[in-house]
């Protein structure tokens, strides 16, 4: 490990990039929130006005309620799947885990209209309930609709983290509990779940934050009395000079930070370590015939529920007319023809924006990982922390910050910088940078520094060593980071919704939101949504393929 002028210049360049495109916009939002309207001095009056306005207070508590209840119902969906697939001989466990992950490849706002057609007041399920049993259930009404849809979409965060934590438990501890007479749900509740709590809390906190700062889903369900939609509506309807939009943005940041802090506080001072990781002691128990029937019934019901948005979206994309009927009246390819013709600009822009953003993320993330793990530069850890703070900044806040910070900066022809499409790319890149950074960090951690030392002992310069040794060995991790950033950037909407100034510069997510606003555009919007889901699914598959090939190549090298 050493310090060189090149490394110092690289660190300063990254710090400048993060300062201009992450810290400065966020700082601008915070500054305006504490500034008197019209450019006066610092004040708390804006926050006092926020606390005295019934709409904002009600929106805050609605957001807390929706986020909390989403965590509860997401847990109800995730716990049975995680428990059954990790603690029993359950045929099809891998398929269940894979299908359980699928909701994450569809943005929640994309499935909102499809879920209304299936579970709305006059949707398929309620029409059948009314015909058969003469009653209806308000699945998709008001805040309950947001909770229902968000729980279905985000429960995989809890499922993935909890399943991994359950697999890593030393099962000999469960065996000891069994020998002392603890069985069944009592064993799970008193032994397995407490030891898996870190995984559960990690997933639950992520669900809470993601739901709290979601803009598009409540708006598409016509729910406006929530905090993130209020921030968007204040800026777009009143203007960028309205201080309330910035105050709400600061509150969104504070809630995100407080959630992460509370998560760390809950885990502080507790020891969840076991003497071995998974596989030891307790074998997976066989289900009795009656238990098997019940288990498969529960799993099939949950999977049918969480995959309903995908089914509804596909049906809507082919439907001629679907209104007041359990299924569409007919089917057509016209929506796909329209999308591939009139709306192809959305797809082109998405491929361009997401590709550029992912490339920026891989370069910046790889460079930060290298500086942190391979140099002794003072303050290098701050680069990692600064880049990771993007996770705590809601997309709507970043979009508002970019609009405020860069709208007053003009090009020589007078065009405001904030109106250029490249600003959308930079916002998306900042939002997804932590994903590429973590992938690059993990990849570099697996490379022994002795390989670089050997290359330098043979006469290679530091730059040549990085180019010929480090980067090739990191290829799998960098590709995984690129594809993950690309896939998630392709459906980013919160920041994009604020920054898009013209339809010609709009990406796919924005086009989806616009098309889904009117009944006439929903068929085309659904077709565009199916294309978006396919893009994300292919990217996820390519990411996994890149990781697997990298691991196999590393195994052959060893």
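Numbering (my numbering), first residue to last: 1 to 558.
Idealized CB from N, CA, C, for every residue including glycine.
Values in this document were obtained by computation on a predicted structure and should not be read as measured data.
Tell me where the alpha helix (DSSP H) around residue 304 begins and ends. First-last of the alpha helix (DSSP H) with residue 304: 289-306.
Going by C-alpha distance, which of 101, 319, 4 and 25 is nearest residue 405? When only C-alpha atoms are compared, the closest one is 25.
Report the option in 66, 162, 306 and 152 whose CA atom is closest to the CA atom of residue 87. Relative to residue 87, the option among 66, 162, 306 and 152 whose CA is nearest is 162.
Can you grab the Cα-Cα spacing for the pair residue 67 / residue 454, in whole Å? When rounded, the distance between both Cα atoms is 52 Å.
Please state the DSSP three-state secondary structure of residue 461. Coil at residue 461, not helix or strand.
Determine the direct distance from the alpha carbon of residue 221 to that of residue 138, and round the result to whole angstroms. CA-to-CA, the gap between residue 138 and residue 221 works out to about 13 Å.
Taking the alpha-carbon positions, what's the residue 48 to residue 60 distance? Inter-residue distance for residue 48 and residue 60 is about 14 Å (C-alpha atoms, whole angstroms).
With a threshold of 8 Å between beta-carbons, can residue 381 be considered close to chain B, or not? Here there is only one protein chain, and chain B is not present.
Can you tell me whether residue 16 is buried or exposed? The criterion is at least 16 other CB atoms within 10 Å of its CB, across all chains shown. By the 10 Å Cβ count, residue 16 comes out exposed.
Using the C-alpha atoms, what's the distance from residue 261 back to residue 5? Cα to Cα, residue 5 sits roughly 37 Å from residue 261.
Residue 80 (DSSP reduced to helix, strand or coil): Residue 80 falls in the helix class under three-state DSSP.
Alpha carbon of residue 305 to alpha carbon of residue 118, nearest angstrom: If I take the Cα positions, the gap works out to 11 Å.
When the Cα atoms are used, what is the spatial distance from residue 146 to residue 514? The straight-line gap separating the alpha-carbon atoms of residue 146 and residue 514 is approximately 19 Å.
Could you tell me the distance, in whole angstroms, from the CA atom of residue 252 to the CA atom of residue 234? Rounded to whole angstroms, residue 252 to residue 234 spans 14 Å at the Cα level.
What does the alpha-carbon distance come out to for the pair residue 199 and residue 97? Straight-line Cα distance between these residues: approximately 16 Å.
Identify whether residue 416 lies in helix, strand or coil by the three-state DSSP scheme. Annotated three-state conformation of residue 416 is strand, per DSSP.
On the three-state DSSP scale, how would you describe residue 410? Collapsing the DSSP output to three states places residue 410 in a strand.
Rank 216, 265, 259 and 436 by C-alpha distance to the C-alpha of residue 497 and give the top, closest one. Nearest option by C-alpha distance: 216.
With DSSP as the reference, please indicate the residues paired to residue 42 in a beta bridge. 35.
Evaluate the contact criterion for the region 308-316 versus the region 463-481: three or more CB pairs, one atom per stretch, below 8 Å. Verdict: no, contact absent.
Answer with buried or exposed for residue 219, where buried requires no fewer than 16 other C-beta atoms within 10 angstroms of its C-beta. Buried, because 16 or more other Cβ atoms sit within 10 Å of the Cβ of residue 219.
According to DSSP, is residue 404 part of a helix, a strand, or is it coil? Residue 404: helix per DSSP, three-state reduction.
With a CB to CB cut of under 6 Å and the five nearest residues on each side skipped, what residues in its chain are close to residue 308? Around residue 308: 118.
Taking buried to mean at least 16 other C-beta atoms within 10 Å of its own C-beta, is residue 320 buried or exposed? For residue 320, the number of other beta carbons within 10 angstroms of its own is below 16, and it is reported as exposed.
Residue 285 - partner residues in DSSP beta bridges: Beta-bridge pairing links residue 285 to 88.
For residue 227, which residues of its own chain have a beta-carbon under 7 Å away from its beta-carbon, when the five flanking residues on both sides are left out? For residue 227, same chain residues with a beta-carbon under 7 Å away, outside a window of 5 residues either side, are 59, 60, 63, 248, 251 and 252 in chain order.
In the DSSP assignment, what residue or residues form a beta bridge with residue 331? Residue 331 is bridged to 319.
With residue 410 and residue 417 assumed to form a contact (beta carbons below 8 Å), what rounded beta-carbon distance in angstroms separates them? A Cβ-Cβ distance of about 7 Å is found for the pair residue 410 and residue 417, placing them in contact under the 8 Å criterion.
Start-to-end residues for the alpha helix (DSSP H) that takes in residue 467: If you look at residue 467, you'll find it isn't in any alpha helix (DSSP H); DSSP assigns it neither H nor E.
Pull up the distance between the alpha-carbon of residue 371 and that of residue 459, whole angstroms please. When rounded, the distance between both Cα atoms is 22 Å.
Continuous alpha helix (DSSP H) stretch holding residue 381: start and end: Where residue 381 is concerned, the enclosing alpha helix (DSSP H) stretches over 380-388.
Taking the CB atoms as reference points, tell me whether residue 512 and residue 110 lie closer together than 8 Å. Yes, the Cβ-Cβ distance between residue 512 and residue 110 is below 8 Å.
Coarse secondary structure for residue 501, derived from DSSP in three states: Coil at residue 501, not helix or strand.
Meets three-Cβ-pair contact criterion under 8 Å: the region 358-366 and the region 485-505: Yes, they touch.
Taking only runs of the alpha helix (DSSP H) that begin and end inside the region 134-175, which ones reach a length of at least 4 residues, in chain order? If we require 4 residues or more, the alpha helix (DSSP H) runs fully inside the region 134-175 come out as 142-167.
Under three-state DSSP, which class holds residue 254? Residue 254 falls in the helix class under three-state DSSP.
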